[in-house]
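In what follows, a single structure is set out as C-alpha coordinates and then discussed.
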Amino acid sequence: MPEFIPSTTAPANGVRFFNWPGAGEEISEALGFTHACIIPPGATIIHVGGQAGITPEGTVPSDVEEEIHEAFSHIELSLRAAGLAGTRQEVWACAYKVNTYVKDISRLGLIITYHANTDNKFGLTLHRILMEYLGANRPLFTGVDVYKLLRPDLHLEIEAEAFLPKVE
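Okay, so the sequence shown: first residue is 23 according to the numbering used here, each after it adds one.
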(Lines of atoms letter the chains of each structure in order from A; the text may use other names.)
(Lines give C-alpha, C1' and ligand atoms only; values in the text may rest on other atoms or scores of the structure.)
Protein backbone atom coordinates (compact mmCIF):
# COMPACT_ATOMS: atom_id res chain seq x y z
CA MET A 23 0.00 0.00 0.00
CA PRO A 24 1.50 3.40 -0.89
CA GLU A 25 2.23 5.51 2.16
CA PHE A 26 0.70 8.98 2.39
CA ILE A 27 2.95 11.48 4.16
CA PRO A 28 0.71 14.22 5.61
CA SER A 29 1.98 17.78 5.67
CA THR A 30 0.73 18.72 9.12
CA THR A 31 2.13 21.05 11.74
CA ALA A 32 1.81 18.61 14.66
CA PRO A 33 4.46 15.96 15.26
CA ALA A 34 3.44 12.65 13.72
CA ASN A 35 5.30 10.57 16.32
CA GLY A 36 5.45 7.62 13.99
CA VAL A 37 1.79 7.46 12.90
CA ARG A 38 1.83 6.28 9.29
CA PHE A 39 -1.04 6.65 6.79
CA PHE A 40 -1.64 4.50 3.69
CA ASN A 41 -3.85 4.38 0.58
CA TRP A 42 -4.38 1.48 -1.76
CA PRO A 43 -3.07 2.16 -5.29
CA GLY A 44 -5.19 3.57 -8.08
CA ALA A 45 -8.73 4.51 -7.08
CA GLY A 46 -7.79 4.46 -3.39
CA GLU A 47 -5.24 7.19 -3.96
CA GLU A 48 -7.70 9.13 -6.15
CA ILE A 49 -10.41 8.98 -3.47
CA SER A 50 -7.91 10.09 -0.84
CA GLU A 51 -6.81 13.03 -2.96
CA ALA A 52 -10.37 14.10 -3.83
CA LEU A 53 -11.89 13.80 -0.35
CA GLY A 54 -8.93 14.33 1.96
CA PHE A 55 -8.97 10.97 3.77
CA THR A 56 -6.69 7.95 3.95
CA HIS A 57 -7.59 4.27 4.07
CA ALA A 58 -5.30 2.78 6.71
CA CYS A 59 -2.92 3.88 9.42
CA ILE A 60 -0.42 2.35 11.79
CA ILE A 61 -0.19 3.71 15.31
CA PRO A 62 3.24 3.09 16.85
CA PRO A 63 3.57 0.90 19.94
CA GLY A 64 3.28 2.83 23.18
CA ALA A 65 1.36 5.75 21.67
CA THR A 66 -1.27 7.32 23.91
CA ILE A 67 -4.63 7.10 22.17
CA ILE A 68 -7.55 9.48 22.76
CA HIS A 69 -11.04 8.15 21.98
CA VAL A 70 -13.77 10.80 21.72
CA GLY A 71 -17.27 9.37 21.95
CA GLY A 72 -20.15 10.62 19.83
CA GLN A 73 -20.47 14.38 19.88
CA ALA A 74 -23.65 16.09 18.72
CA GLY A 75 -24.29 19.66 17.63
CA ILE A 76 -26.05 20.68 20.82
CA THR A 77 -25.44 24.25 22.02
CA PRO A 78 -24.46 25.09 25.62
CA GLU A 79 -28.12 26.02 26.15
CA GLY A 80 -29.13 22.46 25.25
CA THR A 81 -30.70 23.25 21.88
CA VAL A 82 -29.90 22.06 18.38
CA PRO A 83 -29.31 24.93 15.94
CA SER A 84 -31.95 25.23 13.23
CA ASP A 85 -29.13 25.80 10.72
CA VAL A 86 -27.44 22.48 9.89
CA GLU A 87 -24.10 24.23 9.28
CA GLU A 88 -24.16 25.55 12.85
CA GLU A 89 -25.07 22.07 14.12
CA ILE A 90 -22.08 20.55 12.31
CA HIS A 91 -19.74 23.26 13.68
CA GLU A 92 -21.05 22.63 17.22
CA ALA A 93 -20.32 18.90 16.92
CA PHE A 94 -16.77 19.48 15.65
CA SER A 95 -16.22 22.11 18.32
CA HIS A 96 -17.19 19.57 20.99
CA ILE A 97 -14.69 17.09 19.56
CA GLU A 98 -11.95 19.71 19.68
CA LEU A 99 -12.87 20.63 23.28
CA SER A 100 -12.71 16.93 24.20
CA LEU A 101 -9.31 16.50 22.55
CA ARG A 102 -7.99 19.52 24.45
CA ALA A 103 -9.46 18.21 27.73
CA ALA A 104 -7.55 14.96 27.10
CA GLY A 105 -4.26 16.82 26.79
CA LEU A 106 -3.84 18.12 23.23
CA ALA A 107 -2.79 21.75 22.96
CA GLY A 108 -1.90 24.33 20.35
CA THR A 109 -3.75 25.80 17.43
CA ARG A 110 -6.84 24.20 15.95
CA GLN A 111 -4.68 22.86 13.12
CA GLU A 112 -2.17 21.35 15.57
CA VAL A 113 -4.91 19.69 17.63
CA TRP A 114 -6.71 18.23 14.59
CA ALA A 115 -3.39 17.12 13.05
CA CYS A 116 -3.33 14.47 15.80
CA ALA A 117 -6.68 12.99 14.73
CA TYR A 118 -6.27 9.78 12.79
CA LYS A 119 -9.89 8.59 12.59
CA VAL A 120 -13.29 10.31 12.24
CA ASN A 121 -16.64 8.52 12.19
CA THR A 122 -19.88 10.29 11.31
CA TYR A 123 -23.33 8.96 12.07
CA VAL A 124 -25.83 10.77 9.88
CA LYS A 125 -29.58 10.49 10.01
CA ASP A 126 -30.62 9.72 6.42
CA ILE A 127 -27.15 9.45 4.89
CA SER A 128 -28.61 9.88 1.41
CA ARG A 129 -28.34 13.59 2.24
CA LEU A 130 -24.57 13.16 2.08
CA GLY A 131 -24.90 12.81 -1.67
CA LEU A 132 -21.74 11.60 -3.33
CA ILE A 133 -19.39 12.86 -0.64
CA ILE A 134 -18.42 9.28 0.14
CA THR A 135 -17.30 8.69 -3.43
CA TYR A 136 -14.69 10.58 -5.34
CA HIS A 137 -17.19 12.00 -7.82
CA ALA A 138 -17.59 15.75 -7.39
CA ASN A 139 -20.84 16.13 -9.34
CA THR A 140 -23.23 16.58 -6.42
CA ASP A 141 -25.53 19.45 -5.60
CA ASN A 142 -26.20 17.99 -2.17
CA LYS A 143 -25.93 20.90 0.28
CA PHE A 144 -25.67 18.80 3.46
CA GLY A 145 -22.90 16.58 2.14
CA LEU A 146 -20.91 19.45 0.72
CA THR A 147 -21.35 21.44 3.93
CA LEU A 148 -20.24 18.54 6.14
CA HIS A 149 -17.19 17.90 3.95
CA ARG A 150 -16.24 21.61 3.80
CA ILE A 151 -16.48 22.01 7.59
CA LEU A 152 -14.56 18.78 8.18
CA MET A 153 -11.77 20.08 5.94
CA GLU A 154 -11.76 23.40 7.86
CA TYR A 155 -10.98 21.50 11.05
CA LEU A 156 -8.60 18.91 9.57
CA GLY A 157 -6.48 21.25 7.47
CA ALA A 158 -3.79 19.19 5.71
CA ASN A 159 -4.47 16.12 7.87
CA ARG A 160 -6.09 13.12 6.16
CA PRO A 161 -7.48 10.75 8.78
CA LEU A 162 -9.44 7.57 8.26
CA PHE A 163 -13.14 8.36 7.68
CA THR A 164 -16.34 6.38 8.04
CA GLY A 165 -19.85 7.64 7.29
CA VAL A 166 -22.70 5.58 8.74
CA ASP A 167 -26.41 5.89 7.96
CA VAL A 168 -28.58 5.71 11.06
CA TYR A 169 -32.33 5.55 11.50
CA LYS A 170 -32.33 8.00 14.38
CA LEU A 171 -30.07 9.64 16.93
CA LEU A 172 -30.37 10.39 20.64
CA ARG A 173 -32.70 13.32 19.95
CA PRO A 174 -35.12 13.63 17.03
CA ASP A 175 -33.87 17.13 16.17
CA LEU A 176 -30.26 15.98 15.63
CA HIS A 177 -28.90 15.34 12.12
CA LEU A 178 -25.49 13.86 12.95
CA GLU A 179 -23.13 12.62 15.63
CA ILE A 180 -19.35 12.48 15.27
CA GLU A 181 -16.64 10.34 16.94
CA ALA A 182 -12.90 10.81 16.64
CA GLU A 183 -9.68 9.12 17.64
CA ALA A 184 -6.38 10.93 18.05
CA PHE A 185 -2.94 10.33 19.50
CA LEU A 186 -1.28 12.35 22.22
CA PRO A 187 2.20 13.35 21.02
CA LYS A 188 5.06 12.27 23.24
CA VAL A 189 6.89 15.14 24.88
CA GLU A 190 10.60 14.42 24.90
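We put the CB at the ideal spot given by N, CA and C, even for glycine.
Beta carbon of residue i nearer than 7 Å to that of residue j
i	j	result
Ala117	Ala74	no
Gln111	Gly157	yes
Gly105	Leu176	no
Leu99	Ala184	no
Ala52	Ile180	no
Pro62	Gly36	yes
Thr147	Glu79	no
Of the listed residues the options, nearest to residue i (C-alpha basis)
i	options	result
Gly71	Arg38, Leu178, Ile97	Ile97
Phe40	His57, Ser95, Glu51, His177	His57
His69	Val37, Thr147, Val120	Val120
Leu178	Pro43, Trp42, Glu51, Asp85	Asp85
Glu89	Pro187, Ala65, Ile151	Ile151
Lys170	Lys125, His149, Pro161, Leu162	Lys125
Arg160	Ala115, Ile60, Gly80, Pro63	Ala115
Leu172	Tyr155, Ala184, Glu87, Thr81	Thr81
Tyr155	Gly46, Trp42, Gly44, Gly54	Gly54
Cys59	Lys188, Leu162, Thr77	Leu162
Arg38	Glu79, Gly108, Ala65, Glu87	Ala65
Tyr8	Asp167, Val113, Ala103	For the chain, the structure presents residues 23 to 190; residue 8 sits outside this window and is missing.
Extent of the continuous beta strand (DSSP E) run through residue i
i	result
Leu186	178-186
Gly203	Any property of residue 203 remains undetermined from this structure, which presents the chain solely from 23 to 190.
Ile61	It is not in any beta strand (DSSP E) - Ile61 carries neither H nor E in the DSSP assignment.
Gly165	162-168
Limits of the alpha helix (DSSP H) - the one that residue i falls within
i	result
Leu53	45-53
Opposing strand residues paired with residue i [DSSP bridges]
i	result
Arg38	Ile60
Legend entry - Secondary structure, alpha helix (DSSP H): runs of 4+ residues fully inside the region 84-125: Within the region 84-125, the complete alpha helix (DSSP H) runs of at least 4 residues are 86-103, 110-114.
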